[in-house]
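A.B. asks: Numbering (our numbering), first residue to last: 1 to 636.
Now the structure itself:
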């Protein structure tokens, strides 16, 4: 197949909806830059761009050759066309996976030793990248390597730990333990964080990640060298997640104050702890550019950085974050490795945790790591967790025990994670009034009664917060209390969807729910803005103090003019913004599973589309389920 014929075919695929316009445009750009580029390279470039749009940093040529269907998940007619195109390519650039057939092309650099090149494409081993994603991945890899124990001289900057003092302190924080007790992985996480400059703490909802982080913070402050408290920063990808991190840390510190009494371990540093911020705020956004104020040349002034919901941190952000950290600073990444990755390219958290959970030749803790854990915690690492894992695995802890999901929701999430479809379906069908339930619906509109009224055995639908609207207190001083109660009631229930468009997507569901609530007399819609409208912010606006992912409800202000304002709840703090100043928002009766990350609702109603789509993955369903704390309902 000639390059011209390939470009024509890619355009047909774009018209069929198998490729985006951007994917085909990249192939045309490569052809314009190098008219001699073979058809196979043009095809590979288009597929690389296509996978980048689906969250992948590169195109794995081995997987493409072995099972293109599993990699791309195109419809049958699309796969037939792709396999025929692979067969018709006259060169073996795709089949060889070494790129030797492409070695003379100016648009491609193979296995570069540095980033001095300018070609738009990079082939590293068997992965084909857009250069900027290869650059981000290389920068993250270099930063991770520099913070692991195998990196060479200067890496073990935090080895100077008084083992006896550390063990005594951890025993007071977690309770005493010895080799005969069950492994306390939260305690192990603190021990490993004392050892290195990078610690990854992963686990599902309710496993105590922020509970552990608070105790780790106390441990680091108590064992610090010098009189000055460590400079600590708390951060998360979204404003909602940052607010939850701050609340969890402060609540845990207060509990420790009460537990430890007057032992003096928690000092004034706890009161001076800065509020959690979004990563954009932490690094310092600069309008009109992708660069931040803090970088390698102007690093953050921190000694310890905690990052919550790290699974949501995409590749570019992770590269910039790690490079902005001082060389001697500790970074603790908290997140769920099984949760959805960021909508942008790079499943960083999931990739970093590979080889961490299971022992053997490819994972697990080495003997020196197990001995360190024994010295600091008094615990023996289970045989199943021993092995010859990579350096990163020595600084990674998987929290296994959920303190929130011991019941049906946790069992359902586990079945999904293990790919046990029959067990998951059986759990959903056990009873209609249990913690988990399923409604098989021929149309998306079947979910409306559930969205409005809830179901037996589960917290109510949206009527529960809307019935509070007529109860507005006449006393201005009581308004804040009432508004907080209404916002908390709204946050007890949410409709989630896998997709944005169509009747089963966020757009269609929001219109249907809004119309049903209006017909029921629960809202009075007159124009775009109306009292009771929930909205989600879609773009950061530091001037207004709102960030992408923030969710609020429109209410009439308690002032004389009763102007419409959007109210947000950050912990116990109520803040509001005039609706006339909010341009980048969407109605939020229904929201995507991606947007729900970092949130928790008592009852989640997850609506799945009526056809298979690429975004409908195990990680997405797992994430939707684990947003629920008391009840989960599946509709599809």
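Backbone N, C-alpha and C define an ideal beta-carbon position, used for all residues, glycine too.
Should residue 30 and residue 43 be called a contact, given that it needs their Cβ atoms to be closer than 8 Å?
C.D. replies: Going by C-beta atoms, residue 30 is not nearer than 8 Å to residue 43.
A.B. asks: By how many angstroms is the C-alpha of residue 392 removed from the C-alpha of residue 193?
C.D. replies: Answer to the nearest angstrom: the Cα atoms are 12 Å apart.
A.B. asks: Which residue spans inside the stretch 366-404 form an unbroken alpha helix (DSSP H) run of at least 4?
C.D. replies: Counting whole runs of 4 or more residues, the stretch 366-404 contains the alpha helix (DSSP H) stretches 367-377.
A.B. asks: Assign residue 17 to one of two classes, buried (16 or more other C-beta atoms within 10 Å of its C-beta) or exposed (fewer than that).
C.D. replies: Its Cβ having fewer than 16 others within 10 Å, residue 17 is exposed.
A.B. asks: Less than 8 Å between the CB atoms is what I'm expecting for residue 517 and residue 523, so what's the real figure, rounded?
C.D. replies: That belief holds up - the Cβ atoms of residue 517 and residue 523 are roughly 5 Å apart, short of 8 Å.
A.B. asks: From this set, 136, 350, 329, which residue's C-alpha is nearest residue 336's C-alpha?
C.D. replies: With distances taken between Cα atoms, residue 336 lies closest to 350.
A.B. asks: Tell me whether residue 395 is buried or exposed, calling it buried when 16 or more other Cβ atoms sit within 10 Å of its Cβ.
C.D. replies: Its Cβ being crowded by 16 or more others within 10 Å, residue 395 is buried.
A.B. asks: Can you list, in chain order, the residues of its chain whose CB lies under 7 Å from that of residue 26, leaving out five sequence neighbours each side?
C.D. replies: Correct list, in chain order: 45, 46, 49.
A.B. asks: Among residues of its own chain, excluding the 5 on either side of residue 386, which ones have a beta-carbon nearer than 7 Å to its beta-carbon?
C.D. replies: 359, 364, 365, 370, listed in sequence order.
A.B. asks: Which stretch, first to last residue, makes up the alpha helix (DSSP H) that contains residue 280?
C.D. replies: Counting along the chain, the alpha helix (DSSP H) containing residue 280 begins and ends at 279-283.
A.B. asks: Any contact of the stretch 229-245 with the stretch 214-221, i.e. 3+ C-beta pairs under 8 Å?
C.D. replies: Taking 8 Å as the limit for Cβ pairs, the verdict is that the stretch 214-221 does touch the stretch 229-245.
A.B. asks: Using the Cβ count rule (16 or more neighbours within 10 Å means buried), how would you classify residue 210?
C.D. replies: Flag for residue 210 reads buried.
A.B. asks: Assuming residue 126 and residue 62 are in contact, meaning their beta carbons sit under 8 Å apart, how far apart are those beta carbons, in whole angstroms?
C.D. replies: At roughly 5 Å, the Cβ-Cβ gap stays under 8 Å, so residue 126 and residue 62 are in contact.
A.B. asks: When the Cα atoms are used, what is the spatial distance from residue 317 to residue 187?
C.D. replies: Spanning the two alpha carbons is a distance of roughly 29 Å.
A.B. asks: Which of the three DSSP states, helix, strand or coil, is assigned to residue 275?
C.D. replies: Coil at residue 275, not helix or strand.
A.B. asks: With distance defined between alpha-carbon atoms, name the residue in 461, 426, 467 nearest to residue 496.
C.D. replies: Looking at the Cα atoms, 461 is the closest of the given residues.
A.B. asks: Put residue 623 into one of helix, strand or coil per three-state DSSP.
C.D. replies: If DSSP states are grouped into helix, strand and coil, residue 623 belongs with the helices.
A.B. asks: To the nearest angstrom, how far is the alpha carbon of residue 103 from that of residue 110?
C.D. replies: Approximately 7 Å, taken between the alpha carbons.
A.B. asks: If you compare alpha carbons, which of 574, 601, 255 is closest to residue 484?
C.D. replies: The shortest C-alpha separation from residue 484 is found at 574.
A.B. asks: Kindly indicate which three-state DSSP category residue 337 falls into: helix, strand or coil?
C.D. replies: Coil at residue 337, not helix or strand.
A.B. asks: Alpha carbon to alpha carbon, how far is residue 236 from residue 157? Give it in angstroms, no decimals.
C.D. replies: With a pLDDT of only 43 at residue 157, under the threshold of 50, the placement of this residue in the model should not be trusted; the figure read from the coordinates follows. Residue 157 and residue 236: Cα-Cα distance of roughly 26 Å.
A.B. asks: Output needed for residue 616: all residues of its chain with C-beta closer than 6 Å, excluding positions within five of it in sequence on either side, in chain order.
C.D. replies: If we look at residue 616 and ignore the five residues flanking it on each side, its Cβ neighbours are 498.
A.B. asks: Can you tell which of 566, 589, 592, 587 has its C-alpha closest to the C-alpha of residue 580?
C.D. replies: Comparing Cα-Cα distances from residue 580 to each of 566, 589, 592, 587, the minimum goes to 566.
A.B. asks: Is the beta carbon of residue 451 sitting closer than 8 Å to the one on residue 513?
C.D. replies: Yes, the Cβ-Cβ distance between residue 451 and residue 513 is below 8 Å.
A.B. asks: Identify the continuous alpha helix (DSSP H) that holds residue 226 and give its terminal residues.
C.D. replies: Looking at the DSSP string, residue 226 is not in any alpha helix (DSSP H), and its letter there is neither H nor E.
A.B. asks: Have a look at the DSSP bridge pairing and note the partners of residue 124.
C.D. replies: 127.
A.B. asks: If you run the structure through DSSP and keep just helix, strand and coil, what is residue 588?
C.D. replies: Reduced to three states, the DSSP call for residue 588 is coil.
A.B. asks: Taking residue 322 and residue 283 to be in contact with their CB atoms under 8 Å, please state how far apart those CB atoms are, rounded to whole angstroms.
C.D. replies: The pair is not a contact, with the Cβ atoms about 11 Å apart (cut-off 8 Å).
A.B. asks: Give the DSSP-derived three-state secondary structure of residue 69 in the structure shown.
C.D. replies: In this structure, residue 69 counts as helix in the three-state DSSP scheme.
A.B. asks: Rounded to a whole number of angstroms, what is the C-alpha to C-alpha distance between residue 119 and residue 584?
C.D. replies: Looking at the two C-alpha atoms, the distance is approximately 36 Å.
A.B. asks: Can you pull the DSSP bridge partners for residue 203?
C.D. replies: DSSP output for residue 203 lists 399 as bridge partner(s).
A.B. asks: Look up residue 494 in the DSSP assignment and give the residues it is bridged to.
C.D. replies: According to DSSP, which records beta bridges pairwise, residue 494 is partnered with 604.
A.B. asks: I think residue 465 touches residue 489, with their Cβ atoms under 8 Å apart; what is that distance to the nearest whole Å?
C.D. replies: Between residue 489 and residue 465 the Cβ distance is about 4 Å, and since that is below 8 Å, they are a contact.
A.B. asks: Less than 8 Å between the C-beta atoms of residue 494 and residue 601, yes or no?
C.D. replies: Contact flag set, yes.
A.B. asks: Taking buried to mean at least 16 other C-beta atoms within 10 Å of its own C-beta, is residue 309 buried or exposed?
C.D. replies: Flag for residue 309 reads buried.
A.B. asks: Assuming residue 529 and residue 487 form a contact by the criterion Cβ under 8 Å, report the distance between their Cβ atoms to the nearest whole angstrom.
C.D. replies: Actually they are not in contact, since the Cβ atoms of residue 529 and residue 487 sit about 17 Å apart, beyond 8 Å.
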